[in-house]
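Residue numbers (this note's numbering), protein chains in the order written: chain A, 97 to 205; chain B, 97 to 205; chain C, 97 to 205; chain D, 97 to 205; chain E, 97 to 205. Comments concern the structure below.
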Amino acid sequence: MLMGRVVGTVVSTRKDEELVGLKFLLVKQIDCNLVESEKFVVAADAVGAGMGEVVLYASGSSARQTTATNNRPVDATIMAIVDSFDIMGQNRYSKFDEDRSGRFDPVAD
Amino acid sequence: MLMGRVVGTVVSTRKDEELVGLKFLLVKQIDCNLVESEKFVVAADAVGAGMGEVVLYASGSSARQTTATNNRPVDATIMAIVDSFDIMGQNRYSKFDEDRSGRFDPVAD
Amino acid sequence: MLMGRVVGTVVSTRKDEELVGLKFLLVKQIDCNLVESEKFVVAADAVGAGMGEVVLYASGSSARQTTATNNRPVDATIMAIVDSFDIMGQNRYSKFDEDRSGRFDPVAD
Amino acid sequence: MLMGRVVGTVVSTRKDEELVGLKFLLVKQIDCNLVESEKFVVAADAVGAGMGEVVLYASGSSARQTTATNNRPVDATIMAIVDSFDIMGQNRYSKFDEDRSGRFDPVAD
Amino acid sequence: MLMGRVVGTVVSTRKDEELVGLKFLLVKQIDCNLVESEKFVVAADAVGAGMGEVVLYASGSSARQTTATNNRPVDATIMAIVDSFDIMGQNRYSKFDEDRSGRFDPVAD
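Given below as structure tokens:
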């Protein structure tokens, strides 16, 4: 899986019928320092992710292994919201701290 | 999924029999600012996409999950036409506006 | 799918038994201006492609969806020969013209 | 498969129900000289890998072929811990030597 | 498939039980001029490839279509040893010539 930050939403009315009911989110890949790369993906949302949240997304056929995406033509799915991650025992990200501090400012993006 | 703009068509008469009846479109990947990258893909069309439209396409085995592409040897399929997308609450693309304004000029490409 | 030009052949006698009878071709990926990239792939041939021809090839599990490649350990298959393609209504490639003019010179490669 | 070094852990409580019980590790891809690249992946752990260990991880649908990950929405799984590897007969890595010498220092990363 | 040269071996005792009995080889991707790239992969060996040999390897789910790798968590498998390949009718590699001349010197790598 890769880590990314949810930065947007995609709206589509004309689509394959298997996609009806799925929510599509724009996700920017992030590295271990939370720096957003230029790479982004449109992912189906299986966990109710919100704008600005750091998430895990699965790609390829693995993106179809959630109840929400089973047998649907999606190749990227958000399947977890990241609470925190550590590198060599040191905390690099805490959702709790970020939410409280407002450190991540969606408008400034 | 990735976002792209439909920029062309590919014609083939000598092909695997499983491909008969499918339409192949040339799609250029676009970023969040609608800038077309050099990367392009030939995608099967499952939704009747038109020239110049911004679309979502699925890759790999997920490209075979539409009725149009089931069990066929295609690894990229357009499965949705994008109406609009937002980044952090700000609209970055609106098909309605683009269609009305003629902002996207196919000939100038 | 990606577009490529057939530039070579690969011969192998010691191989997995599932591969017996398949023809392997060297394909160089091309862009919309027919410029060959450095990227190449060895693809199984499902349509009888010839040297110098512009083809479509499918990758991953989709490469196994042709009659010739079903259940075989191949991850790239030529499943169509390109007759022509257009970008925004303008013809960029025509197999008929190329064949007649001899514009594509295999020896010069 | 690719080789990587386990450098961190990811914690998530809100996730697809198929993921409950899986441990997610941050893995940095390494080259043949053990140099860590900037590329990293979040992989499910099928073998009880520890911090700092050099591992093999499988991607895509192959990541779901272990007992621990079967039918789960994961696209990367650590399926082996590397004891040693040789390049042209010369040892380039030995877990035994590294463990004994403390050459790999997690804190310094 | 991609072409590569076998340059090393990987030893692992702690691994998923589905991997027992498989041999893992380090393969460096090569281009049409036999130049090794920096990219390498650890591939399961389905054909008894030897050190220094030029091989074809399949990636993704296709890597699991050999008898040796069926249902196992491997995403790259050597499924053929290359005897020779031609580019536009000109021979670029011949295993017979290389073996005889000793042109490829494993030790010098």
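Ideal Cβ positions, reconstructed from N, Cα and C, are used throughout, including at glycine.
- Rounded to whole angstroms, the gap between the alpha carbons of E:E194 and C:L122 is 20 Å.
- Assignment of D:S158 by DSSP, reduced to helix, strand and coil, places it in the helix class.
- D:R196 has its alpha-carbon roughly 46 Å from the corresponding atom of B:S155.
- With fewer than three CB-CB distances shorter than 8 Å, the stretch 123-132 of chain C does not count as touching the stretch 98-114 of chain E.
- When DSSP states are grouped into helix, strand and coil, D:D193 belongs to the helix group.
- The three-state reading of DSSP puts E:E134 in strand, counting E and B together.
- Using a Cβ-Cβ distance cut-off of 8 Å, the stretch 164-184 of chain E and the stretch 133-145 of chain E are in contact, since at least three pairs of beta carbons, one from each stretch, lie closer than that value.
- Taking the C-beta atoms as reference points, D:R160 is found nearer than 8 Å to A:S158.
- Nearest CB-CB separation between E:S133 and chain D: not below the 8 Å threshold.
- Along the stretch 180-191 of chain D, going in chain order, the ones with a CB nearer than 8 Å to a CB of chain E are S180, F181, D182, I183, M184, G185, R188.
- Spanning the alpha carbons of C:V170 and E:K191 requires a straight line of approximately 22 Å.
- The beta carbon of B:E149 sits closer than 6 Å to those of V102, I177, all from its chain and outside the five residues before and after it, given in chain order.
- Rounded to the nearest whole angstrom, the CA to CA distance from D:T105 to B:D179 is 38 Å.
- For the stretch 137-152 of chain E, the beta-carbon criterion of a distance under 9 Å to any beta-carbon of chain D is satisfied by V137, V138, A139, A140, M147, G148.
- Identification of chain A residues near B:D127 by a Cβ-Cβ cut-off of 8 Å yields E134, F136, ordered along the chain.
- At a cut-off of 8 Å between beta carbons, E:G156 contacts chain C.
- Any Cβ of chain E closer than 8 Å to the Cβ of C:E194 would place that residue at the interface, and such an atom is absent.
- Spatial neighbours of A:F181 in its own chain (CB-CB distance under 7 Å, excluding positions within 5 residues in sequence) are listed in chain order as R188, Y189.
- D:L115 and D:R168 have their C-alpha atoms roughly 7 Å apart.
- Under the three-state reduction of DSSP, D:L98 is assigned to strand.
- Under DSSP, the beta-bridge partners assigned to A:S180 are A:S190, D:V107.
- Listed along the chain, the chain C residues whose CB falls inside 8 Å of the CB of E:L98 are V137, V138.
- In chain order, D112, P169 make up the part of chain B whose C-beta sits under 9 Å from the C-beta of C:T173.
- Using beta-carbon distances, E:R160 counts as an interface residue toward chain D, with a partner under 8 Å.
- Only buried fits A:V143, as 16 or more other CB atoms lie within 10 angstroms of its CB.
- The criterion of a C-beta distance shorter than 8 Å is satisfied by D:M147 and A:M184.
- DSSP places A:K119 outside any beta strand (DSSP E), giving it a letter other than H or E.
- C:E134 and B:S133 have their C-alpha atoms some 18 Å from each other.
- Proximity of chain A to B:V102 at the Cβ level (cut-off 7 Å) is not reached, the minimal Cβ distance being about 13 Å.
- The same chain holds no residue with a CB closer than 7 Å to that of E:T163 once the five nearest residues on each side in sequence are set aside.
- In this structure, D:L152 lies near E:S108, with their beta-carbon atoms less than 8 Å apart.
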